[in-house]
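Letter by letter, the sequence shown follows residues -19 to -1, 1 to 161 of mature numbering (1 follows the signal peptide of the UniProt record, and there is no 0).
Don't be surprised by glycine CBs; every beta carbon is placed ideally from N, CA and C.
If you're wondering where the values come from, they're calculated on a predicted model, not measured in any experiment.
Report on the following structure.
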Amino acid sequence: WPGPLSLLSCASWSTSSTAFCDGVLSSTIPWELLKKQFYENKAYQTFYEFLREGRKATDSKSAATAVVVDPIKDMMRLVMDEFTSLEFYARPVESNILNAMFIICKNDGYILRDGIPDMNDLWPGCLVRTVSYGHISAFIFSQSTFLHATAEMLQRQQPNVKLKKNPVVTLANVTASSNT
């Protein structure tokens, strides 16, 4: 797409593989079932080798060349990266890079950023902002930040349209009522 396009990613990063392999969601994956299927069905092992060889061909420095401790988790990571890692997608055209913003959560237990590509390395010039919350608490306590970022990204699409200084109405405070 050669025209202007904005991207706003809230509480995410360059891949979702860490959420399912290392983060909080890793405990929801039926690892024992995957292990059983992997060793009982040769097709899984063949597919795994195909993914590893493909990764080696595209990046000799990648984790695919490292010693694998857990082939089941490694296969899950390779599959997730194959479909979700922005490292394997084309970069936006240069004029759109400044229209890409990532808001990351400083204390995120779902989307872990250690050991995966930094968005500034993948898309040099993109905007990266941080909120001082975890994944869930950010959506509760940073709604204003996300809404203002949305308005900002829309403003970049229509630079001649002037938005109000505070285009987003602050959310009402929610208090729990006690039934006493």
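In this structure, the CA atom of F1 is about 4 Å from the CA atom of S7.
Assignment of L(-13) by DSSP, reduced to helix, strand and coil, places it in the strand class. For R94, the three-state secondary structure derived from DSSP is coil. Bounds of the beta strand (DSSP E) holding I84 are 81 to 86. Taking a cut-off of 8 Å on C-beta distances, the stretch 112 to 125 does not touch the stretch 8 to 23, as fewer than three cross pairs fall below it. DSSP places T111 in the strand class (E or B) of the three-state scheme.
The alpha-carbon of F83 is positioned some 18 Å away from that of G96.
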